[in-house]
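Sequence positions in the sequence shown follow full-length UniProt numbering and run 1 to 120. Virtual Cβ for every residue (Gly too), placed ideally from N, Cα, C. Keep in mind the model is a prediction, meaning the values are calculated, not measured.
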Amino acid sequence: MKQSIIEAAHEYATEKTKFRKDVLKEVDADNYVSRHADSMEDFQCGYSYCKEQSPWISVKDKLPEPEQEVFLYDRDSVKHYAIGWLRKKKGYCKSKWFVTNGYVTDESITHWMPIPKFNV
């Protein structure tokens, strides 16, 4: 079962402070608990920030590795989304993209995203 964000934050904070736990308790016992809570809050803020970021990458910023299957956003298609890859060499159709559900022009692909790996 996946951890909740609270459980993951607690585990992160515990591991982060584990190596200095005894020292902190001896030197600054009153602030140890607040530092642990601060670490949990930092983790949760980072998680929230990452969750809000779009996984889509503009083709103007970066291209995927050739022949790596990725999700593509096709601005001119009716469905808009496709699975495809960047060709190593342009084919007879002169397009740098190959998609599994038809033909696209290079200009119509504006964004791509790696296909996530699933732990099943």
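Helix, strand or coil at residue i [DSSP, three-state]
i      : result
Pro114 : strand
Ser4   : coil
Val70  : strand
Ser48  : helix
Glu11  : helix
Start and end residues, beta strand (DSSP E) containing residue i
i     : result
Met99 : Before going on, a small fix: residue 99 reads as Val here, not Met. Taken as a continuous stretch (DSSP letters only), the beta strand (DSSP E) holding Val99 covers 97-99.
Trp85 : 81-86
Cβ neighbours of residue i in the same chain (closer than 7 Å, five flanking residues each side left out)
i      : result
Asn101 : Ala82
Reference residue i, options the options, closest by Cα
i      : options                     : result
Tyr103 : Trp85, Trp56, Lys117, Cys45 : Trp85
Ala37  : Asn119, Lys79, Trp97, Glu7  : Glu7
Contacting residues, own chain, Cβ-Cβ under 8 Å from residue i (five flanking each side not counted)
i     : result
Glu67 : Trp85, Leu86, Arg87, Lys88
Same chain, Cβ closer than 6 Å to residue i, neighbours up to 5 away in sequence not counted
i           : result
residue 124 : Not covered by the structure: residue 124. The range shown for the chain is 1 to 120.
Residue-chain proximity (residue i, chain C), Cβ-Cβ < 8 Å
i     : result
Ile83 : Protein chain content of the structure displayed is limited to a single chain, and chain C is not contained in it.
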